[in-house]
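Undergrad: Take the sequence shown: its letters are residues 285 to 715, numbered as in my numbering.
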Amino acid sequence: MPAADPYVPGHGNRRFGVRSYALDLDYKIATNHLSARAVLAIEALEPLDRVVLDLAGLSVTRVKVNGRPPARFSHRESKLRIVLAAPAALGERLSVEIDYAGKPRPMPSVFGPVGWEELTDGVVVAAQPCGAPSWFPCNDRPDDKATYRFAITVADGYRVIANGVLAGREKRSGRTTWRYLQAQPMAPYLAVLHIGRYVSTPAGPVEIVHPRGLAVGVGSAFARQDEMMARFSELFGPYPFDRYSAVITADQLEIPLEAQTLSTFGANHAGAGWQNERLVAHELAHQWFGNSLTAASWADIWLHEGFACYSEWLWSEISGGRSAESWAQEHHRRLAVLPQDLVLGDPGRELMFDDRVYKRGALTLHALRAVLGAAFFPMLRDWTAANRWGLVTTAAFVAHAQRYTTSDVSSLITAWVYSAPLPPMTASAAT
Ligand SMILES: [Zn+2]
285 MPAADPYVPG HGNRRFGVRS YALDLDYKIA TNHLSARAVL AIEALEPLDR VVLDLAGLSV
345 TRVKVNGRPP ARFSHRESKL RIVLAAPAAL GERLSVEIDY AGKPRPMPSV FGPVGWEELT
405 DGVVVAAQPC GAPSWFPCND RPDDKATYRF AITVADGYRV IANGVLAGRE KRSGRTTWRY
465 LQAQPMAPYL AVLHIGRYVS TPAGPVEIVH PRGLAVGVGS AFARQDEMMA RFSELFGPYP
525 FDRYSAVITA DQLEIPLEAQ TLSTFGANHA GAGWQNERLV AHELAHQWFG NSLTAASWAD
585 IWLHEGFACY SEWLWSEISG GRSAESWAQE HHRRLAVLPQ DLVLGDPGRE LMFDDRVYKR
645 GALTLHALRA VLGAAFFPML RDWTAANRWG LVTTAAFVAH AQRYTTSDVS SLITAWVYSA
705 PLPPMTASAA T
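1) Which runs of the alpha helix (DSSP H) at least 4 residues long sit entirely within the segment 623–708? Give them in chain order.
2) Quick check on the burial criterion: 16 or more other C-beta atoms within 10 angstroms. Buried or exposed for S362?
3) Helix or strand or just coil, what does DSSP make of Q544?
4) Have a look at the DSSP bridge pairing and note the partners of Y432.
5) Check for me: the beta strand (DSSP E) holding G590 runs from which residue to which?
6) Whole angstroms is fine: what's the gap from V701's alpha carbon to L537's?
7) Which whole runs of the beta strand (DSSP E) in the segment 380–429 are 3 residues long or more, in chain order?
8) Hey, quick one: how far does the beta strand (DSSP E) through S358 stretch, first residue to last?
9) Relative to the C-alpha of Y305, which residue among M663, P472, P331, D510 is closest?
10) Hey, E381 and K348: beta-carbon distance below 8 Å or not?
11) So, L577 versus N671, is the Cβ gap smaller than 8 Å?
12) Any idea if R633 is buried or exposed, counting beta-carbon neighbours within 10 angstroms, 16 or more meaning buried?
13) Would you say E596 touches ligand 1, meaning its beta carbon is less than 7 Å from a heavy atom?
14) Answer with buried or exposed for L374, where buried requires no fewer than 16 other C-beta atoms within 10 angstroms of its C-beta.
15) Confirm the yes/no value for this check: CB of H615, any heavy atom of ligand 1, distance under 7 Å.
16) Give the secondary structure of T710 by DSSP, where H, G and I count as helix, E and B as strand, and everything else as coil.
17) Does ligand 3 have even one heavy atom less than 7 Å from the beta-carbon of H566?
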């Protein structure tokens with residue numbers, strides 16, 4: 285079967301779409317044991333005799349389709365294959381209920397281990413780009429967005445954070461069930477779970493979830509996050525979700541990572557200083573670019589990372605630091621001496637998270653800003669509004685941006701996004 289996305293071979297299926305996930309998870313922290321039920325509302329995009337889902341390393345004990353046993357099912361090599369008792373017609377909806385259990389762990393991938401990960405005292409999920417099957421059965425394609433309901437039961441004393449809004453919390457016999465509702469459509473790789481001994485500190489419109497005793501206010505990287513939220517909402521359009529949390533683990537993490545409605549940072553990212561503050565800006569910007577507007581294929585990842593990186597430079601400029609122009613000049617100089625063998629609009633999966641994707645993507649936006657002048661931010665706001673909670677492509681972005689200028693946006697994008705040699709810097713974009 286051909287890959288749904290060539291950057292993550294073996295993941296995803298194009299024959300159906302998932303409209304909603306309901307995940308009911310019972311988790312024992314001490315033994316890393318998960319006992320779970322997932323209910324997926326699936327729509328057949330062509331006539332189906334089977335449903336093939338991604339699920340790694342856990343044991344499936346029972347499957348029902350529309351409340352009845354399927355003809356048969358098998359679970360091998362991270363694929364759950366369910367042969368339907370009766371074929372489904374194009375457009376038909378199926379309710380697929382899956383009971384599964386086991387000890388979740390990160391999935392190996394060409395990007396390194398991804399997905400569910402035990403911390404010293406808790407759990408983090410870091411699934412980009414293909415780790416979602418490490419903890420729930422899914423159609424692991426970035427372009428198959430669905431709504432999510434979570435019910436996660438853990439021992440008292442731990443806080444659980446999932447995507448969306450907290451919809452309820454029930455205590456029983458020393459355990460607490462945490463319910464979250466993610467009502468806006470979400471790609472599977474953006475679904476996350478945090479379990480830890482956390483406290484929550486509100487900071488204006490955002491929430492900081494952190495270990496007790498870790499400083500997250502004045503003098504930390506998060507001190508101006510509420511102001512970031514306000515300024516990015518002016519520049520990019522209204523914040524696209526109901527909530528935003530920055531979750532800081534007690535453990536050190538290699539890199540922070542965005543998820544829908546929240547971002548994950550390690551304790552090592554909390555200290556003051558530009559190197560951490562830029563990460564706080566970067567992850568927040570992903571709520572617009574990556575989470576609300578998700579690239580339909582991973583080849584277009586510059587639509588996430590280039591925009592988030594440019595948001596760092598914008599925050600620097602508007603918060604009284606170096607201008608975006610200054611950052612652009614510096615990073616252009618740095619890129620100019622690196623190998624020019626990367627095509628931004630299709631870097632290949634090995635180079636998908638190469639720093640050149642981030643910096644050249646940001647430079648592309650800076651070049652576009654020079655051409656559009658005062659129309660640049662209205663163009664961005666219209667882009668986020670027109671595609672809110674949807675899927676985007678470079679071609680759609682070019683067509684969109686072209687409406688704001690008589691200059692040829694296509695040739696600019698061809699040079700920056702579809703050709704390997706680094707174009708020269710254009711005149712200052714400051715307006
Ligand atoms: Zn990023």
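Ideal Cβ placement from N, Cα and C applies to all residues, glycine included. Treat the numbers as computed from the prediction; the structure is a model and nothing was measured.
TA: For this structure:
1) The DSSP assignment places complete alpha helix (DSSP H) segments of no fewer than 4 residues inside the segment 623–708 at 639–656, 660–670, 678–686, 693–701, in order along the chain.
2) A residue is called buried when at least 16 other Cβ atoms come within 10 angstroms of its Cβ; S362 meets this threshold and is buried.
3) Coil.
4) Per the DSSP secondary-structure output, Y432 pairs in a beta bridge with Y305, Q466.
5) Residue range 586–602 is occupied by the alpha helix (DSSP H) that includes G590, with no beta strand (DSSP E) assigned at that position.
6) Cα to Cα, V701 sits roughly 31 Å from L537.
7) Look at the segment 380–429 and you find these whole runs of beta strand (DSSP E), each 3 residues long or longer: 399–403, 406–410.
8) First-last of the beta strand (DSSP E) with S358: 356–360.
9) Selected option, being the one with the closest Cα: P472.
10) Closer than 8 Å, so yes.
11) Yes, Cβ-Cβ distance for L577 and N671 is below 8 Å.
12) Buried is the call here.
13) Ligand 1 never approaches E596 closely enough for any of its heavy atoms to be under 7 Å from the residue's Cβ.
14) Counting the other CB atoms within 10 Å of its CB gives L374 a total below 16, which places it among the exposed residues.
15) Checking the Cβ of H615 against ligand 1 gives no.
16) For T710, the three-state secondary structure derived from DSSP is coil.
17) With respect to small molecules bound, the structure shown includes ligand 1 and not ligand 3.
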